[in-house]
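Structure, as structure tokens:
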Amino acid sequence: MTNSSYSHPVAQLLSLDPPRTPRADWLDYTALGISPEDTPELIRMSLDDKLRTAPSDAPEVFGPIHAWRALGQLRAASAAKPLLEMLDAHPDNDWVNEELPGVFTMFGSSILPALVSFLNDSERDISARITVSHAMQEIAVAEPDQRDEVVSALSHQLSKWYRNSEWLNGFLVSYLLDLGATESAPLMEEAFQADRVDELICGDWEDVQIELGLSSERQTPPRRPDFWPELPGPEPRPVTRAAAPRKPTAKAKRKAARAARKHNRRK
4 MTNSSYSHPV AQLLSLDPPR TPRADWLDYT ALGISPEDTP ELIRMSLDDK LRTAPSDAPE
64 VFGPIHAWRA LGQLRAASAA KPLLEMLDAH PDNDWVNEEL PGVFTMFGSS ILPALVSFLN
124 DSERDISARI TVSHAMQEIA VAEPDQRDEV VSALSHQLSK WYRNSEWLNG FLVSYLLDLG
184 ATESAPLMEE AFQADRVDEL ICGDWEDVQI ELGLSSERQT PPRRPDFWPE LPGPEPRPVT
244 RAAAPRKPTA KAKRKAARAA RKHNRRK
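So the mapping is simple: my numbering equals the position in the sequence shown, first residue as 1, plus 3.
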């Protein structure tokens, strides 16, 4: 594949070194001469299925990734809707699911109405809607004045727990926990009491109460998801001091999310 369908400076993205890890090793795309005037061509490259399906060892296969990263750096909010359509078309693409929340966050809170509309659309792919809810949570963290609006939108979707999949409910609860949404606790409890939350994603109701500061300790032993294999435990060691429980890191949550996605696809 040649670079002839793209003009300079955007064509340079087709010959760059491949990014090694999602959400890491970003280049300064403006240093390549890319500017807001290149937004339409960057959107076209982001959506280019011919590039996406190029041989895995060809540098141009990573062109769409570089393109949407450049759009993020340009704060090109006009790209949000085309990228949402791409997300819906490729919901199982790990690069898309990992990177778009960060790109959407760089676009800023002006795109929240588009994200909320997408999340509320039950015809959209569930995995894509989860990625969008993740983006909303990240925007609320980056722009704290948007926190209440995001909590309200996530809670509104969770209020449909009886229609949502358990998987979607689990991620909605998880992102509300990330935002410390104690005001949504009664709604979360409803979903848990109806057994409509995937506990692999966010733990059970007792875990949620502890994370929200509504309870100090568990009253019952934690449950193990049925598909987790029983593994031999380590040799017992003397306990010298009680270690405080550590909140999962963002990387750990993303790893759990990927595992959950793959498990649910097999259902």
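Just so it is clear, CB atoms sit at the ideal spot from N, CA and C, and this is done for glycine as well.
The Cβ atoms of Ser38 and Ala70 do not sit closer than 9 Å to each other. Distance between Leu54 and Ala14, taken at the CA atoms: about 12 Å.
Taking 9 Å as the cut-off, the beta carbon of Leu35 is found closer than this to the beta carbon of Pro12. Measuring C-alpha to C-alpha distances from Arg72 to each of Ser59, Leu180 and Thr42 identifies Thr42 as the nearest. Taken atom to atom, the span from the alpha-carbon of Asp198 to that of Ala27 is near 37 Å. For Ala82, same chain residues with a beta-carbon under 6 Å away, outside a window of 5 residues either side, are Ile46 and Leu74 in chain order.
If the five residues before and after Ser112 are omitted, its C-beta is found closer than 7 Å to the C-beta atoms of Ile142, Glu146 and Gln149, all from its own chain and listed in chain order. Per DSSP, reduced to three states, the secondary structure at Trp164 is coil, with no helix or strand assignment.
Restricting attention to alpha helix (DSSP H) runs no shorter than 4 residues, the segment 114 to 152 encloses them at 115 to 123 and 129 to 145, ordered along the chain. Here Ser18 is exposed: its Cβ has fewer than 16 other Cβ atoms, across all protein chains shown, within 10 Å. For Trp29, no alpha helix (DSSP H) encloses it, and the DSSP letter there is neither H nor E. In the displayed model, Pro22 falls within coil according to three-state DSSP, outside both helix and strand. If you ignore the 5 residues before and after Leu90, its C-beta comes within less than 7 Å of the C-beta of Val99, Leu103, Ala131 and Thr134, all in its own chain and listed in chain order. Under the DSSP assignment, Pro189 falls in the alpha helix (DSSP H) whose first and last residues are Ala188 to Gln196. Taking the Cα positions, Pro58 is about 7 Å away from Val64.
Burial check for Ala156: the Cβ neighbour count within 10 Å reaches 16 or more, so the residue is buried. The continuous alpha helix (DSSP H) containing Asp181 extends over residues Glu169 to Asp181. Take Met139, set aside five residues on each side of it, and the residues of its chain with a beta-carbon closer than 6 Å to its own are Leu118 and Val153, in chain order. Closest in alpha carbon position to Glu40, among His93, Ala92 and Leu77, is Leu77. Counting of Cβ neighbours within 10 angstroms places Leu122 among the buried residues, the total reaching 16 or more.
Remark: C-beta atoms of Thr185 and Leu161 do not approach each other more closely than 9 Å.
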